[in-house]
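To keep things clear, I will list the structure first and then write my remarks on it.
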Amino acid sequence: MGFVVLPCLAASSVPGSQGGGSPLHAFSQQDRGTVARPEFLRGKLFTMSVDWIGFGYGLVVALGGIVGYIRKGSKISLVAGLLFGLLACYGAYWVTHDPKDVKISLLTAFTLTTIMGVRFKRTKKLIPAGIIAGLSLVMVVRLVFRLI
Numbered sequence: 001m002g003f004v005v006l007p008c009l010a011a012s013s014v015p016g017s018q019g020g021g022s023p024l025h026a027f028s029q030q031d032r033g034t035v036a037r038p039e040f041l042r043g044k045l046f047t048m049s050v051d052w053i054g055f056g057y058g059l060v061v062a063l064g065g066i067v068g069y070i071r072k073g074s075k076i077s078l079v080a081g082l083l084f085g086l087l088a089c090y091g092a093y094w095v096t097h098d099p100k101d102v103k104i105s106l107l108t109a110f111t112l113t114t115i116m117g118v119r120f121k122r123t124k125k126l127i128p129a130g131i132i133a134g135l136s137l138v139m140v141v142r143l144v145f146r147l148i
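Using UniProt numbering, the first residue of the sequence shown is number 1, and each one after it goes up by one.
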């Protein structure tokens, strides 16, 4: 772990030190000698864990649509797969920034669970309806547990 030293935070520019005032009123005197952080960022966690599972789920959904188009020539599969895959990745992006912001991911996974679950019940085909319904159900459970 390294420290970044900014030239604008020299001792003469820290409020309350010799050498006059500074436009950096957001910095407090206790930050001297450590990494200087503005008041509004103090106490915040600066780590961000990427929602790799959510991005992977979105990629699987999008690839499923592409494979459906290549194998069967289904334009509906292509459009739906890319749309839901994009929505799942967009939801994973928001979960990455705020782990409690699961609205988009949850709505996408729930919708796919419902649509593909009904399709699996009707056709009894494991590929693609059963797999996507199962993955989507796992995502719904995972996202609900994130809220708890």
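For every residue, glycine included, the Cβ atom is placed at its ideal position computed from N, Cα and C.
Mind checking whether the beta-carbon of VAL102 lies closer than 7 angstroms to any heavy atom of the ligand MN?
Judged by which ligands are present, the structure shown has none, so any question about the ligand MN falls away.
Could you check what DSSP says for GLY73 in three-state terms: helix, strand or coil?
In the structure shown, GLY73 sits in coil (DSSP, three-state: anything other than H, G, I, E or B).
Output the distance between the C-alpha atoms of ALA92 and ARG122, rounded to the nearest integer angstrom.
30 angstroms
Taking the alpha helix (DSSP H) that SER136 belongs to, which residues open and close that run?
First-last of the alpha helix (DSSP H) with SER136: 131 to 147.
Leaving out the 5 sequence neighbours to the left and right, which residues in its chain are closer than 8 angstroms to LYS100 when beta-carbon positions are compared?
Excluding positions up to five away in sequence, the list reads ARG146, LEU147.
Skipping 5 residues on each side, what residues in its chain have a beta carbon closer than 7 angstroms to that of LEU143?
VAL102, SER105, LEU106, ALA109
Quick test of your reading: ASP51 and THR96, contact by CB under 8 angstroms. State the CB separation rounded to the nearest angstrom.
5 angstroms
Rounded to whole angstroms, what is the Cα-Cα separation between SER49 and THR111?
26 angstroms
Suppose the cutoff is 7 angstroms on Cβ atoms and the five residues either side in sequence are ignored; what does the same chain contact list for LEU137 look like?
THR113
Do VAL60 and LEU126 have their C-beta atoms within less than 8 angstroms of each other?
Against a cut-off of 8 angstroms, the Cβ pair of LEU126 and VAL60 comes out as no contact.
When you compare each of VAL140, ALA133, PRO128, ALA88 to TYR69 by their alpha carbons, which one comes out closest?
PRO128
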